[in-house]
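In the numbering used here, the protein residues as written are 802 to 1142. Glycine included, each C-beta is placed from N, C-alpha and C at the ideal position. To start, the structure itself, in structure tokens.
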């Protein structure tokens, strides 16, 4: 009954509706909510997406944003997620009235192809120049500088204290939605300066002893951890780079090889390595095999032991990446070494 009255109340207000799905839905909601104030904004899994059908079909402006379902590779723009993960979303998109808007990640083939089976107003975003909104000219400092290109217009964007391809996809998706609601790229760029990423999602924090922390502790895949290490190596202005890495779970039979591959990236981008967990010891092994000195590597089974040694080690001018799967509770390390004001 409460759901029924909620729908009646909505019909009287007739607010625009934005529904966001895909693996980047939470970040995209943060950015889009910053730009669009007078709209209903839902962040939903594919299994939940049908709940939004009523609102999308009765709204004066309805927007369906599909972020990505594949894992974002660090070294190329194109990738492909599993269409099965979008089964309900695709059915919803096909049923929407033609006046609706569709915002799609062009780089993810499974997402991009939804445009072929719908008759909606579609905007695409990505790193590919074939996307309607695409990013170029990436530079790292204490945040990320890049340019957003749309219909021949090129506008610089700045994400302070935020890094990673997923964050740039987030800004691009927000730019597309902002454009639908009548904002120009310059306005969107200015408003996105206030964007703050979620905890554990490639955010820069103040650490103890005048250090900085690159907090990516919320979750990890092989791709995301390698990208984090590459970014760690490229951020200028620090005396030492330290990687604190936990296990990456859910890989399966290639767990050892995958962790050793991460270790190869460590040796190129870090001065010191701390590992936490049994699997992460293979990161240490991979780093040593690529020439990292043994005395620069510290491996621990318990978070508490890693934190104790880390606190002894951190010096002014250090940049410390903390990363690992959610099950490893790496966020507890961030809490222990961040500066409390």
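Measuring only the C-alpha atoms, how far is residue i from residue j?
i: residue 887; j: residue 1096; result: 47 Å
i: residue 883; j: residue 911; result: 6 Å
i: residue 1119; j: residue 1042; result: 6 Å
i: residue 994; j: residue 959; result: 6 Å
i: residue 943; j: residue 1014; result: 11 Å
i: residue 1082; j: residue 1076; result: 6 Å
i: residue 939; j: residue 978; result: 22 Å
i: residue 865; j: residue 891; result: 11 Å
i: residue 1068; j: residue 1088; result: 5 Å
i: residue 1022; j: residue 872; result: 8 Å
i: residue 903; j: residue 822; result: 12 Å
i: residue 1086; j: residue 1099; result: 11 Å
i: residue 1008; j: residue 1059; result: 29 Å
i: residue 951; j: residue 1136; result: 40 Å
i: residue 1049; j: residue 1018; result: 11 Å
i: residue 1031; j: residue 1123; result: 13 Å
i: residue 897; j: residue 838; result: 23 Å
i: residue 1033; j: residue 916; result: 36 Å
i: residue 1132; j: residue 1053; result: 24 Å
i: residue 941; j: residue 1055; result: 32 Å
i: residue 1079; j: residue 1106; result: 14 Å
Contact defined as beta carbons within less than 8 Å: I believe residue i pairs with residue j. What is the distance between those atoms, to the nearest angstrom?
i: residue 998; j: residue 969; result: 11 Å between Cβ atoms; not a contact.
i: residue 863; j: residue 901; result: 5 Å
i: residue 818; j: residue 840; result: 7 Å
i: residue 955; j: residue 987; result: Wrong, their Cβ atoms sit about 11 Å apart, outside the cutoff.
i: residue 928; j: residue 974; result: Actually they do not touch by this definition, with Cβ atoms about 13 Å apart.
What are the partner residues of residue i, as DSSP defines its beta bridges?
i: residue 1041; result: 1119
i: residue 987; result: For residue 987, which the question treats as bridged, DSSP gives no partner whatsoever.
i: residue 1143; result: The structure shown does not extend to residue 1143, since the chain is modelled only from 802 to 1142, so the question has no answer here.
i: residue 1056; result: Partner(s): none; residue 1056 has no beta bridge.
i: residue 820; result: 843 and 865
i: residue 963; result: 1004
i: residue 1048; result: None; residue 1048 has no bridge partner.
i: residue 1139; result: 1008
i: residue 1013; result: 1007 and 1120
i: residue 945; result: 941 and 960
Taking the alpha-carbon of residue i as reference, which of the options has the nearest alpha-carbon?
i: residue 848; options: 878, 855 and 885; result: 885
i: residue 869; options: 841, 826, 842 and 896; result: 826
i: residue 889; options: 846, 1055 and 923; result: 846
i: residue 1110; options: 818, 823 and 1074; result: 1074
i: residue 858; options: 833, 837 and 815; result: 815
i: residue 967; options: 954, 985, 1002 and 957; result: 1002
i: residue 853; options: 1032, 915 and 893; result: 893
i: residue 1044; options: 1056, 1011, 1072 and 856; result: 1072
i: residue 1093; options: 1029, 920 and 1070; result: 1070
i: residue 976; options: 830, 1106 and 1125; result: 830
i: residue 982; options: 1130, 828, 835 and 1140; result: 835
i: residue 1025; options: 1004, 1125, 905 and 867; result: 1125
i: residue 1112; options: 920, 962 and 1138; result: 1138
For residue i, is the beta carbon positioned less than 6 Å from some heavy atom of the ligand ATP?
i: residue 839; result: Among the components of this structure there are no ligands whatsoever, and the ligand ATP is therefore not found.
Give a yes or no on whether the minimum CB-CB distance between residue i and chain B is below 7 Å.
i: residue 1122; result: In the structure shown, chain B cannot be found, because there is only a single protein chain.
Length at least 4, wholly inside the region 897 to 941: the alpha helix (DSSP H) runs in chain order: 910 to 913
What residue ranges within the region 849 to 879 form continuous beta strand (DSSP E) runs of no fewer than 3 residues, ordered along the chain? 863 to 867
Give, in chain order, every unbroken run of the beta strand (DSSP E) that is at least 3 residues long and sits entirely within the region 1073 to 1137. Listed in chain order, they are 1073 to 1077, 1098 to 1101 and 1119 to 1124.
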